[in-house]
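Protein chains in written order, with numbering that gives the first Met the number 0: chain A, 0 to 640; chain B, 0 to 179.
Positions of the beta carbon are idealized from the N, C-alpha and C atoms, including for glycine.
None of these values were measured; they are calculated from a predicted model.
Some notes on the structure that comes next.
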Amino acid sequence: MIPELGNFALIIALCFSLVQFAAPLRGICKKTISPLSADISAMAAIGQFIFLSIAFFCLILSFINNDLTVIFVREHSHSLLPIIYRIGAAWGGHEGSLLLWCLILSSWTIAFLLVTSCFLNTSDKTLLPKILTTLGLLSAGFIVFLFFTSNPFARNFPTGLIVGDDLTPLLQDPGLIFHPPMLYFGYVGFAIAFAFAISALIDGKLDRTWVQACRPWVIMPWSFLSCGIVLGSWWAYRELGWGGWWFWDPVENASLLPWLSATALIHALAVCEKRNVFKGWVILLAILTFSLSLLGTFLVRSGVLVSVHAFASDPTRGLFLLAYLTLIIGGSLFLYSLRIKYFFQAPTFKIISRETTLLINTVILVTAVATISIGTLYPIILDTLNLEKISVGEPYFTTIFLPIMLPLLLLMGVAPHVSWGEQSFKSLWKKLHLTFVSSFLLGFIAPALLGFPFHILAALGISLSAWIILGTAQYAFQLRGKISLRHWSMIIAHIGIAIFALGVSINKSYSEERQVKMKIGETVSLAGYEFTFKNLEELKVSNYQAIKATFSIQKNHSTPELLFAEQRVYTSHEQSLSRPGIVANVWRDLYLALGSTLADNSWSVRIYYKPCVRWIWFGGFMLLIGGLLSLLDYWNKRNPA
Amino acid sequence: MKIRVIIPFLIFISIVIILWRGLGLQPAKVPSPLIGKPAPSFQLPLLFDPQKITHDKDLKGHITLLNVWATWCTACAEEHDALLHISKNDSFVLYGLDYKDDPDKAKDWLQKNGNPYKLVAMDKAGLAAIDWGVYGTPETFVIDKSGVVRYKQIGPITSEVWSETFLPLLAELQNEPQNP
């Protein structure tokens with residue numbers, strides 16, 4: 000009964016999405032939208048949200064009840080699975096995560112609708128129906144896809160005893176509860192900026208009101224996406240046992256691409272708001288950002304690429320998504336080429352100016368998008384041309400990505416100091432040469448003073464991070480009394496990037512690892528730490544059994560810290576999973592993964608010393624804080640107390 | 000209309016064409032980067048005698064087929080009869096790598112269904128398999144007399160695969176001298 004209710008709710012939600020799309024359509028063609036059709040469209044958006052929520056609730060209920068006649072539940076649940084993972088399992092597979100996608104798109108629509116109708120003045124409201132139309136079309140396409148090719152409520156009634164297949168052990172982690180929804184809130188949220196771009200193209204007009212209304216709808220999803228990526232990276236680090244935090248897996252790339260493009264969009268919007276230039280570029284970036292989100296969805300769902308994230312692939316799904324992609328992205332880019340002539344304008348700024356620095360920033364980010372896309376799609380390109388089969392891995396991305404990012408970091412230190420319109424190089428140099436020289440001195444000397452060997456990547460990383468932090472601090476100091484919330488958001492986000500870069504370069508330069516054979520009572524050392532194998536015990540938890548190893552770690556006879564690593568065997572999968580043990584502090588992580596038992600009761604063990612690895616995620620979380628502050632600023636300006 | 004405004008559209012269309020053709024491909028069939036390189040080093044306990052260790056040196060001096068399998072893998076069970084059949088051929092040695100598996104179950108399973116392997120190494124945590132680039136089971140590596148990986152078969156060995164790919168390769172390797 001409950002699955003049928005869910006199915007029924009999906010059909011109604013589909014009808015609502017079509018109404019939301021169609022109601023203002025006539026008005027848009029005639030260039031006068033009647034208030035009635037706008038209201039109908041808005042009501043339909045609300046109805047769609049209610050019924051998608053019902054559908055989602057039905058799916059969760061089916062999981063909680065462990066209704067094994069529902070195919071999707073049977074494939075991802077098990078009676079022994081703890082209740083919290085049973086709820087998480089609702090988006091632990093293709094069908095359910097797609098339903099979540101639709102629900103989140105609808106939530107963004109509602110959020111936009113509420114904010115616009117409650118807080119904005121009337122001039123902004125003319126945008127509303129056009130944006131609802133675009134969002135209605137996007138939503139309708141996805142619900143059709145969900146309903147016909149990947150219905151989470153599909154049932155069958157096998158005879159005999161059935162048990163669930165259970166959720167893959169790797170997914171049984173608190174990360175599952177937060178990471179996918181967070182990431183989706185990011186990905187999907189760019190649909191609003193996309194809809195803004197389409198409405199600007201239709202009107203042939205993009206003014207300051209448009210930019211101010213659009214900006215929070217880029218920054219909000221961008222903040223969620225930053226957070227989602229950080230959570231995913233942290234999860235992979237804790238779970239996979241390889242000690243790495245980023246693997247350049249196609250699906251990781253698929254989440255990084257819209258992030259990079261949205262970062263470019265945020266900066267282009269800032270210029271557009273202040274100086275009324277870069278209009279065409281803003282529109283193109285908004286389309287690009289959402290297109291990359293869709294492309295990411297396609298890459299994960301269609302199975303064209305091999306990835307740890309790939310769900311069961313099915314050619315009809317791939318074909319449907321590709322057709323949808325062509326319609327939405329192809330259509331919008333075609334519209335762009337027809338209408339962009341209305342947005343051409345002559346540049347009004349000199350070579351050295353804030354506009355130029357931000358333009359270079361966006362160009363660098365888009366270049367990064369292009370190179371990562373090429374790396375991700377290259378195996379498919381070669382394969383379709385029947386040349387050869389290859390897979391592109393970490394070496395390509397590191398070699399290509401680093402040289403592109405270094406100039407960007409250099410630019411970040413100086414950009415806030417460059418004035419709008421025009422700036423002389425001489426005065427800029429006078430202002431910043433001390434900061435510049437001291438950061439590079441620091442970068443090249445500090446590691447040696449602390450007793451670390453010289454490493455060019457670390458030296459460059461520390462120099463550039465110091466340059467950003469000092470340059471930004473100098474900027475904040477100059478502003479002093481005039482510093483606004485919006486300045487703070489920029490400062491925090493930029494320093495977040497600096498801390499991230501610091502973490503990455505130090506981690507990459509000074510990490511150490513060893514693979515050893517150990518018996519209980521034995522001690523090995525790595526990076527000055529003594530790892531002693533204390534004992535082993537057996538554990539029995541609801542849906543898995545484990546062998547838990549305890550290690551004590553000591554440096555220079557300090558108080559020993561305890562580390563626990565597990566080797567789990569999940570009852571329903573009969574598959575074992577090595578769960579690494581981590582002892583962390585601000586300066587370093589000590590990471591240990593248990594391998595297999597060897598003869599004479601010894602174990603093969605991998606130990607890692609990972610300096611500053613926490614900084615990578617801490618920097619990422621600062622982006623979230625920066626984004627939220629910027630929203631607060633927007634809120635304050637809209638509602639002066 | 001200026002040409003450059005249509006560039007984004009054209010780029011997108013070419014991507015769509017690539018993706019559309021890409022849908023029909025089998026991305027999992029990527030050749031292993033290990034091919035032509037010495038086998039990765041490992042030290043693993045034997046399934047039937049955990050006191051003993053097998054390591055990469057055991058791969059030298061003869062042609063080796065290293066079959067990665069597990070009891071939880073249904074495709075491996077399908078492949079099993081073929082393995083029993085080919086293990087009668089004495090021009091190579093068939094080793095098994097039991098991947099992420101319960102040793103007791105694995106032993107039972109081999110005792111019940113027949114053991115085609117000369118040696119079975121246990122990789123319970125799957126860490127050695129990471130070095131070998133295993134991402135699914137079954138996979139079979141062909142290693143020459145000098146301990147160099149020459150071929151990787153992804154998926155079960157069927158009779159076509161055996162006669163079309165393995166037999167010619169094995170004949171070729173047979174005639175090669177062993178390098179130290």
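Per the contact definition of three or more C-beta pairs closer than 8 Å, is the region 95-107 of chain A in contact with the region 38-56 of chain A? yes
List, in chain order, every chain B residue whose beta-carbon is nearer than 8 Å to that of valine 568/A. Asp101
Helix, strand or coil, according to DSSP, for alanine 8/A in the structure here? helix
Where does proline 115/B sit, in a helix, a strand or coil, going by DSSP? coil
Bounding residues of the beta strand (DSSP E) (the contiguous stretch that carries valine 582/A): 580-583
Establish whether the CB of isoleucine 52/B and some CB of chain A are separated by less than 8 Å. yes
For tryptophan 245/A: DSSP bridge partner residues: According to DSSP, which records beta bridges pairwise, tryptophan 245/A is partnered with nothing at all.
Using beta carbons (cut-off 8 Å, strictly below), is threonine 383/A in contact with chain B? yes
C-alpha gap between leucine 576/A and arginine 3/B, whole angstroms: 53 Å
Extent of the continuous beta strand (DSSP E) to which isoleucine 52/B belongs: 52-54
May I ask which residues mark the beginning and end of the alpha helix (DSSP H) holding phenylalanine 152/A? Element bounds for phenylalanine 152/A: n/a, residue is neither H nor E.
Looking at chain B, which residues of the region 581-597 of chain A have a Cβ within less than 8 Å of any of its Cβ atoms? Ala592, Leu593, Gly594, Ser595, Thr596, Leu597
In this structure, what does DSSP give as the bridge partners for asparagine 66/B? Gly95/B, Thr139/B
In or out: glutamine 152/B buried (at least 16 other Cβ within 10 Å) or exposed? buried
What did DSSP end up calling valine 391/A once you bin it into helix, strand or coil? coil
If you run the structure through DSSP and keep just helix, strand and coil, what is glutamine 173/B? helix
Since serine 571/A meets chain B, which of its residues come closer than 8 Å, beta carbon to beta carbon? Under the 8 Å cutoff, chain B gives no residues; its nearest Cβ is about 10 Å from serine 571/A.
Once the 5 residues before and after glycine 113/B are set aside, which same chain residues still bring their CB inside 6 Å of it? Leu83
Closer than 7 Å by C-beta to serine 601/A: which residues in its own chain qualify, once you throw out the five before and the five after it? Chain order, please. Lys516, Met517, Lys518
Cβ of valine 162/A within 8 Å of Cβ of histidine 77/A? yes
Go ahead and pull the three-state DSSP assignment for tryptophan 602/A. strand
Which of the three DSSP states is assigned to threonine 522/A in this structure? strand
In the DSSP assignment, find the unbroken alpha helix (DSSP H) run with isoleucine 6/B in it and report its ends. 6-21
For phenylalanine 333/A, decide whether its Cβ has a neighbour in chain B, counting only Cβ atoms nearer than 8 Å. yes
In whole angstroms, what is the alpha-carbon distance linking valine 187/A and phenylalanine 48/A? 15 Å
C-beta neighbour in chain B for isoleucine 379/A, strict 8 Å: yes
On the three-state DSSP scale, how would you describe serine 577/A? strand
Using only CA atoms, which one of Val114/A, Thr315/A, Lys129/A lies nearest to threonine 148/A? Thr315/A
contact_flag[the region 252-261 of chain A, the region 284-301 of chain A] where n(CB pairs < 8 Å) is 3 or more: yes
Would DSSP call valine 187/A helix, strand or coil? helix
8 Å Cβ cutoff met for leucine 126/A and serine 198/A: yes
Are the CB atoms of aspartate 632/A and arginine 485/A within a distance shorter than 8 Å? yes
Name, please, each residue of chain A whose Cβ falls closer than 8 Å to the Cβ of valine 15/B. Leu321, Leu324, Thr325, Gly329
Inter-residue spacing [alpha-carbon to alpha-carbon] between threonine 355/A and isoleucine 624/A: 27 Å
Per-residue contacts from serine 575/A into chain B (C-beta, under 8 Å): Lys99, Asp100, Asp101, Lys123, Ala124, Gly125
Can you check the region 364-442 of chain A for any alpha helix (DSSP H) of at least 4 residues that lies completely inside it and give the ranges in chain order? 393-413
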